[in-house]
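Asks:
In this note's numbering, the protein residues as written are 937 to 1294.
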């Protein structure tokens, strides 16, 4: 029986993610978004009428959250492939770990366009779920890049939803890293409720238990090795009751995949199936949903996890899905210059799911 079969689901993406990257040696210089598009198409999960090809957001759209000076710096950095030292320091552009690269404006602005379009689709009632795997860059600050994030698309979507008339919007973040950029600048708004589950003592080391930001944030930390069972327990015992009490009109989910057990950037060790179940619980609330990507530093795990998220949104069951030859070939083509790939497990290219346990 398909899951959420009555939902109108839209997938937003762009081929800009196929040919651009942060540069050699950067943790995000790996294929993440285009493999999801290709796998979902190979499986017959993504019809043309469900897919929206994006163009970069305009500077004035980014200024819903970011300062004009910062947006101008991104544009100049892309045009000149350089910034003067003063603006580099002020905006943290061209300073590790936020390098200047050829698409430094267009790539994050395209991800932002997906989240802004998703907000518009949900407000208008034209979609029930909008999936933007290129989104979820939750560390970006109004006047500076931060933590690989040049544009904070979750913050832009939240602001757009409120400006568009939503009176109660909830944001749930299951990335291994705390969404410091979102919390620091939006958590004082009583129309929002922000929930984050992340690894304790993991960069940026904000979002400690009891931290409520400006009043509307709720933070939950997990120890290394926690596994998906602990994530699901927090979801059931704390986040779902909090969401029910708040009764949001629209839900924004940041589904970073860096908590998965094969990811090199955290130690949470979620199974993919447990990760999917956490998102299923949120979708089960029956609210319109903007579903975003986020962290994910193993391209094999990330592509499988996010392809499964779209499958769930589109009424498929990724656990029961066998990969066809075309989908396996997408996975087999991925490059991953990391020691974890030296003895690649067969499961990385043969199926979407892993063990059903935590």
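The beta-carbon is built from N, C-alpha and C at its ideal position, and this holds for glycine as well. Here the structure is a predicted model, which is why all the values come from computation and not from measurement.
Using a Cβ-Cβ cutoff of less than 6 Å, which residues in the same chain neighbour residue 1089 once the five nearest sequence positions on both sides are dropped?
Replies: Closer than 6 Å at Cβ, skipping near neighbours: 1047, 1048, 1051, 1071 and 1073.
Asks: Going by DSSP, what residue range makes up the beta strand (DSSP E) through residue 949?
Replies: 945 to 949 is the span of the beta strand (DSSP E), which, as asked, contains residue 949.
Asks: Helix or strand or just coil, what does DSSP make of residue 1016?
Replies: helix
Asks: By Cβ distance, which residues of its chain are closer than 6 Å to residue 1285, with the 5 residues on each side in sequence left out?
Replies: The answer, listed in chain order, is 1264, 1267 and 1268.
Asks: When the distance is taken between beta carbons, is residue 1233 closer than 8 Å to residue 966?
Replies: yes
Asks: Let me know the beta strand (DSSP E) ranges lying completely inside the region 1147 to 1232, each 3 residues or longer, listed in chain order.
Replies: 1153 to 1158, 1186 to 1190 and 1225 to 1228
Asks: Give me the Cα-Cα distance between residue 1024 and residue 996, rounded to the nearest whole angstrom.
Replies: 22 Å
Asks: May I have the straight-line CA-CA distance separating residue 1281 from residue 1237, to the nearest angstrom?
Replies: 11 Å
Asks: Say whether the region 1197 to 1206 touches the region 1024 to 1036, bearing in mind that this needs 3 or more beta-carbon pairs closer than 8 Å, one atom from each stretch.
Replies: no
Asks: Does residue 1128 come out as helix, strand or coil in the three-state DSSP assignment?
Replies: For residue 1128, the secondary structure class from DSSP, reduced to helix, strand or coil, is strand.
Asks: Contact check, residue 1117 vs residue 1091 under 8 Å by CB: the rounded distance?
Replies: 6 Å
Asks: Would you report the Cα separation of residue 1102 and residue 1256, rounded to the nearest angstrom?
Replies: 37 Å
Asks: With respect to the beta strand (DSSP E) encompassing residue 1066, which residues constitute its N-terminal and C-terminal limits?
Replies: 1065 to 1068
Asks: Just reading off the beta strand (DSSP E) that residue 1109 is part of, what are its end residues?
Replies: 1105 to 1109
Asks: What beta strand (DSSP E) runs, 3 residues minimum, are completely inside the region 1230 to 1256?
Replies: none
Asks: Secondary structure at residue 1080, three-state DSSP: helix, strand or coil?
Replies: strand
Asks: Report the start-end ranges of each beta strand (DSSP E) in the region 989 to 1073 that is 3 residues or longer and not cut off at the edges.
Replies: 1065 to 1068
Asks: Suppose contacts are defined by Cβ-Cβ distances below 8 Å. Is residue 1225 in contact with residue 1189 by that definition?
Replies: Closer than 8 Å, so yes.
Asks: Based on Cα-Cα distance, which residue from 1271, 1173, 1278 and 1290 lies nearest to residue 970?
Replies: 1271
Asks: For residue 1054 versus residue 1093, is the C-beta spacing smaller than 8 Å?
Replies: yes
Asks: Could you tell me which residues DSSP puts in a beta bridge with residue 1133?
Replies: Residue 1133 is bridged by DSSP to 1156.
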